[in-house]
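Enquirer: Quick note, the sequence shown lines up with residues 2 to 747 if you use the numbering used here. Once you've had a glance at the structure underneath, I'll fire off some questions.
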Amino acid sequence: MVGPTRSKLREGSSDRPQSSCTGQARRRWSAATMEPQQERSAPQERTKWSLLQHFLLGGRKLPSGARNYAARRIQSLNAQNYFQLEEVAKLLLLNRFQFLFTLLDHFREKVQALQMHRFSHRTLFGLAIFVGILHWLHLITLFENDHHFSHLSSLEREMTFRTEMGLYYSYFKTIIEAPSFLEGLWMIMNDRLTEYPLVINTVKRFHLYPEVVIAYWYRTIIGIMNLFGIETKTCWNVTRMEPLNEVQSCEGLGDPACFYIGVIFILNGLMMGLFFIYSTYLSGSQLGGLITVACYFFNHGEATRVMWTPPLRESFSYPFLVLQMYVLTIILRTSTVHKKHYMALCFSNVAFMLPWQFAQFILFTQIASLFPMYVVGYIEPSKFQKIIYVNMSSVALCFILMFGNSMYLSSYYSSCLLVTWAIMQKKSKIQKLGGTELQFWIRLSDLIAARILRYTDFDTLIYTCAPEFDFMEQATPLRYIKTLLLPLILVITYLIFKKIVRDIMCVLYTNTYVRKQLLDNAELVFHTLQLLAFTGLAILIMRLKLFLTPHMCIMASLICSQRLFGWLFCRIHFENVVFGILTMMSIQGCANLHNQWSIMGEFTNLPQEELIHWIKHSTRPDAVFAGAMPTMASIKLSTLRPIVNHPHYEDADLRARTKIVYSVYSRKSAVEVRNNLLKLHVNYYVLEEAWCVVRTKPGCSMLEIWDVEDPSNAANPPLCSILLKDSRPYFTTVFQNSMYRVLKIN
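Encoded structure:
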């Protein structure tokens, strides 16, 4: 290759001296003969060149280092060079138009991307609305199948709200039946029927903001519909089996019970849509959101009980915890957090805490999860400080809205916030806060401590002997395994822990660690720590499965996360993996759904209905009643008679009252029990024979509980058995049926 190249160069250079000479002579001749013509045409050529330059350069100056040739120079070019310049000009013109076309194409792509982004958002919210409606229909179907609620009378519907559910609904009923909303609100804030003869603010004591809001909506909507003459409910007579009488049943927005239940189911339907959006954001894929929704439906019986017990506080509170965790996930993932995110976090915190007294303990586990992340470096100090400030503001707002309820300031959550704030402020000594109010409230933490330390007394046994406060059933993990939820979570948790260990090792052994990598994984670490906390709570208290199971469903969406499974999705189509997992899940999941749909029943409780009718027609409106907590809630709701105890067992004074009332089921003497009941101004005692003999599990019958609390009387016969045989002389039996006996106190 070298030889031929050199010969070509020599051949090309042999004519250069002659050509050069001829060129110089030609240039001199041309300059002598054509100078006047060139001078005459110079202004015109300059104008053409300036126009060409302006067009080619878009009105800009030549770049530095470029030569600006005059018109004389252009005229002196030979024909070949002139044609070359012409070709260059054409090329530049074509390039300019090509640039414009490229710019237009780029702009068109941007518009299409924006349209796709908008379409993606529309698809996201459309799917969220769809799954929300699906869950709402699922809930009302299960509730209707179990209770046949649409065909029950008003009294029967009230009786379905047993225990504390009836207590909460009674205040909703009080507000809507009052002459005005404000009068109804004043009545429940100055209530004498619940803990007679005390006057209490039930909004402060029982977290009744949901009932207040729903009652306001009911009065407003029904008032507007009545104003325009729109029918709000449809009523018909329902014939019941003997010996039950025919009753009237109404359906529609105008029926208070239907409206109340409908709002709860709509709220929990919206929660499912929020689950989908939340999981889509966490996993980065809408398939992740679909996995969460599918897991929730397939494990529905383990995830919620709103379809069986709608008025419980968790039915109102938990949807706002989902919103709160979604907002917190956005804050942890985003490097630049806007003020609106912190405002949304504050709102969701308040909305979560106001309806439910146990909500603060869940937020305490959140702070306990975030603090080690802050220490290790997963959260920026400024961001963590703002999160703490938002939580402290939320507690202050709840304290104000709940009329100074000291429970908000005496909880572990508030103490944890103050200690964390003090540590961040680098305080050397943290003074302990006064705990004078702690003894007045029984908290979830007390029940957990009783579980761990095996401490028992009357109050803790009343709680822990209830099935929902028992340990997690052994069958629960097996149900998780059958739907593949637990194996999926174990794989995801392993990969996240692997990333955590690798991050921490980088912090310990390298000095050039990139902090941004930790910040990117903060939300994954947070969800893993929350999973561990919820697992511990659910094992100790079965009721708290409502936090564990939905959180497992949310984390299941991470099977679509590129950060965790990008190495796998590079080799195979992740859609195939996802649909394969969903197919295997659906085998047991569809069976679980079929079992739920197959539950058919119709509520009836004839003994309690007879009791309520007797109380309404045979006692004075101011007659005071005492008895088992669930029954007292029904009596207050349906008869509006004063009661001395009720199912909201957290207050210390109420626990003392309930202990006196339940002494009927102890081994104390009849005269002692009678005298204590008279001190509470009780006129009638509702005795239930089942409470004398029922034993849900070892150590949980009323006699066994009292033997632990009052061992000095353990040798005496049960008072309940004595009263069932003959209640005289301290009591008189005035009503009796197969379940209840009403004893008048002499």
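Quick reminder that beta carbons are idealized off the backbone N, C-alpha and C, glycines included.
Who does Thr733 pair with in a DSSP beta bridge?
Expert: Residue 733 sits at position 732 when you count from the first residue of the sequence shown. Bridge partners of Thr733: Lys745.
Enquirer: Would Pro478 be called buried (16 or more neighbouring beta carbons within 10 Å of its own) or exposed?
Expert: Within the sequence shown, numbered from 1, the residue matching residue 478 stands at position 477. Under this definition Pro478 is an exposed residue.
Enquirer: Under the assumption that Pro320 contacts Leu271 (Cβ atoms under 8 Å), give the Cβ distance between them as a whole number of angstroms.
Expert: On the sequence shown, residue 320 is found 319 positions in, with the first residue counted as 1. On the sequence shown, residue 271 is found 270 positions in, with the first residue counted as 1. Sure, about 7 Å apart at Cβ, within 8 Å.
Enquirer: Is it buried or exposed, His647, if we count other Cβ atoms within 10 angstroms and call 16 or more buried?
Expert: As a working mapping, residue 647 is identified with position 646 in the sequence shown. It is buried - the Cβ of His647 has at least 16 other Cβ atoms within 10 Å.
Enquirer: Could you compute how far the alpha carbon of Met354 sits from the alpha carbon of Ser702?
Expert: Locating residue 354 in the sequence shown gives position 353, where the first residue counts as 1. Locating residue 702 in the sequence shown gives position 701, where the first residue counts as 1. Spanning the two alpha carbons is a distance of roughly 34 Å.
Enquirer: For the beta strand (DSSP E) that Tyr249 lies in, which residues bound it at each end?
Expert: If you number the sequence shown from 1, residue 249 lands on position 248. Tyr is not the amino acid found at residue 249; the sequence shown has Gln there. It spans Val248 to Glu252 - the beta strand (DSSP E) in which Gln249 sits, taken as one unbroken run.
Enquirer: State the Cα-Cα distance for the pair Phe260 and Arg206, rounded to the nearest angstrom.
Expert: Against the sequence shown, residue 260 aligns to sequence position 259. Against the sequence shown, residue 206 aligns to sequence position 205. Roughly 24 Å separates the two Cα atoms.
Enquirer: Considering Glu689, what are the terminal residues of the beta strand (DSSP E) in which it resides?
Expert: Numbered from its first residue, the sequence shown carries residue 689 at position 688. Counting along the chain, the beta strand (DSSP E) containing Glu689 begins and ends at Tyr685 to Glu689.
Enquirer: When you compare only the Cα positions, how much space is there between Met326 and Ile231?
Expert: For the purposes of this step, residue 326 is taken as the residue at position 325 of the sequence shown. For the purposes of this step, residue 231 is taken as the residue at position 230 of the sequence shown. Using only the alpha carbons, I get a separation of about 41 Å.
Enquirer: Would you mind reading off the limits of the alpha helix (DSSP H) that contains Cys721?
Expert: For the purposes of this step, residue 721 is taken as residue 720 along the sequence shown, with counting starting at 1. Per DSSP, Cys721 belongs to the alpha helix (DSSP H) from Leu720 to Lys726.
Enquirer: I'd like to check one pair, Glu474 with Gly543: are the Cβ atoms closer than 9 Å?
Expert: Looking up residue 543 in the sequence shown gives position 542. Looking up residue 474 in the sequence shown gives position 473. In the sequence as presented, Gly is not what sits at residue 543; that position holds Met. Going by C-beta atoms, Met543 is nearer than 9 Å to Glu474.
Enquirer: I want to know whether the stretch 161-176 touches the stretch 272-282 - three or more CB-CB distances under 8 Å.
Expert: The stretch 161-176 is not in contact with the stretch 272-282.
Enquirer: What is the DSSP secondary structure of Cys693, reduced to helix, strand or coil?
Expert: Counting from one through the sequence shown, the residue named residue 693 turns up at place 692. Cys693 falls in the helix class under three-state DSSP.
Enquirer: Along the alpha helix (DSSP H) that carries Ala352, what are the first and last residues, could you check?
Expert: Start at 1 with the first residue of the sequence shown, and residue 352 comes out as number 351. Segment Lys340 to Met354, the alpha helix (DSSP H) holding Ala352.
Enquirer: Can you name the start and end residues of the alpha helix (DSSP H) that Gly270 belongs to?
Expert: Taking the first residue of the sequence shown as position 1, residue 270 is located at position 269. Gly270 -> alpha helix (DSSP H) spans Pro257 to Ser284.
Enquirer: Starting from Gly224, trace the alpha helix (DSSP H) in both directions and tell me its first and last residue.
Expert: Here residue 224 corresponds to residue number 223 of the sequence shown, with the count starting at 1. Gly224 -> alpha helix (DSSP H) spans Tyr210 to Leu228.
Enquirer: Give me whichever residues DSSP pairs with Trp237 in a beta bridge.
Expert: On the sequence shown, residue 237 is found 236 positions in, with the first residue counted as 1. According to DSSP, Trp237 bridges with Ser250.
Enquirer: Enumerate in chain order the residues of its own chain whose CB-to-CB distance from Met188 is below 8 Å, with the five nearest sequence positions on each side excluded.
Expert: On the sequence shown, position 187 is the one that residue 188 refers to. For Met188, where only same-chain residues beyond five positions count, the Cβ hits under 8 Å are Thr175, Ile176 and Ala179.
Enquirer: Check whether the stretch 222-231 and the stretch 188-200 are in contact - that is, three or more C-beta pairs closer than 8 Å.
Expert: Verdict: no, contact absent.
Enquirer: Assuming contact is defined by CB atoms lying nearer than 9 Å, are Thr465 and Gln589 in contact in what I supplied?
Expert: Residue mapping note: residue 465 aligns to position 464 of the sequence shown, counting from 1. Residue mapping note: residue 589 aligns to position 588 of the sequence shown, counting from 1. No, Cβ-Cβ distance for Thr465 and Gln589 is not below 9 Å.
Enquirer: Report yes if the C-beta distance between Ser722 and Pro608 is below 9 Å; otherwise report no.
Expert: For this step, residue 722 is matched to residue 721 along the sequence shown. For this step, residue 608 is matched to residue 607 along the sequence shown. Result no, Cβ atoms of Ser722 and Pro608 do not sit closer than 9 Å.
Enquirer: Below 8 Å, can you find three or more Cβ-Cβ pairs linking the stretch 726-743 to the stretch 488-505?
Expert: Taking 8 Å as the limit for Cβ pairs, the verdict is that the stretch 488-505 does not touch the stretch 726-743.
Enquirer: If you draw a straight line from the C-alpha of Lys660 to the C-alpha of Asn238, how long is it?
Expert: Taking the sequence shown and counting its residues from 1, one reaches residue 660 at position 659. Taking the sequence shown and counting its residues from 1, one reaches residue 238 at position 237. Spanning the two alpha carbons is a distance of roughly 43 Å.
Enquirer: With a threshold of 16 other CB atoms inside 10 Å of the CB of Trp598, please say whether the residue is buried or exposed.
Expert: Position 597 of the sequence shown, counted from the start, is the residue given in the question as residue 598. With fewer than 16 Cβ atoms within 10 Å of its Cβ, Trp598 is classed as exposed.
Enquirer: Should the stretch 334-348 be called in touch with the stretch 307-318, which here means at least 3 C-beta pairs below 8 Å?
Expert: With the cut-off at 8 Å, the stretch 334-348 and the stretch 307-318 do not touch.
Enquirer: When you compare the CB positions of Cys399 and Ile368, do they come within less than 9 Å of one another, or not?
Expert: Sequence index remark: in the sequence shown, residue 399 carries index 398 (1-based). Sequence index remark: in the sequence shown, residue 368 carries index 367 (1-based). No, these two residues do not count as a Cβ contact at 9 Å.
Enquirer: Ends of the beta strand (DSSP E) at Ala627?
Expert: The residue you call residue 627 lines up with position 626 of the sequence shown. That run of the beta strand (DSSP E) goes Phe626 to Gly628.
Enquirer: Taking 9 Å as the threshold (C-beta atoms), are Met633 and Tyr1 in contact?
Expert: Because the chain here runs from 2 to 747, residue 1 falls outside it and cannot be looked at.
Enquirer: Nearest to Glu381 by CA position, among Leu402, Asn350 and Asn522, is which residue?
Expert: Taking the first residue of the sequence shown as position 1, residue 381 is located at position 380. Comparing Cα positions, the closest option is Asn522.
Enquirer: Buried or exposed for Ile332, please, with buried defined as at least 16 other CB atoms from any protein chain shown within 10 angstroms of its CB.
Expert: Your numbering for residue 332 matches position 331 in the sequence shown. Answer is buried; the Cβ neighbour count reaches 16.
Enquirer: Counting Cβ pairs closer than 8 Å, one from the stretch 275-295 and one from the stretch 548-564, do we hit at least three?
Expert: The stretch 275-295 vs the stretch 548-564: in contact.
Enquirer: Under a three-way DSSP split, which group does Asp711 fall into?
Expert: By one-based count along the sequence shown, residue 711 stands at place 710. It is coil, neither helix nor strand.
Enquirer: Using the three-state DSSP reduction, which class does Tyr623 fall into: helix, strand or coil?
Expert: The residue you call residue 623 lines up with position 622 of the sequence shown. The amino acid occupying residue 623 in the given sequence is Asp; Tyr does not appear at that position. Residue state, collapsed to three classes: coil.
Enquirer: My output table needs one value for Ala671: the three-state DSSP class, helix, strand or coil.
Expert: On the sequence shown, residue 671 is found 670 positions in, with the first residue counted as 1. Of the three classes helix, strand and coil, the one that applies to Ala671 here is helix, per DSSP.
Enquirer: Where do the N-terminal and C-terminal ends of the alpha helix (DSSP H) with Trp309 fall, by residue?
Expert: Counting from 1 along the sequence shown, the entry for residue 309 is found at position 308. Careful: Trp309 lies outside any alpha helix (DSSP H) and carries neither H nor E.
Enquirer: When you compare each of Leu288, Ile389, Arg668 and Leu681 to Leu655 by their alpha carbons, which one comes out closest?
Expert: For the purposes of this step, residue 655 is identified with residue 654 of the sequence shown, where counting begins at 1. Among Leu288, Ile389, Arg668 and Leu681, the Cα nearest to that of Leu655 is on Leu681.
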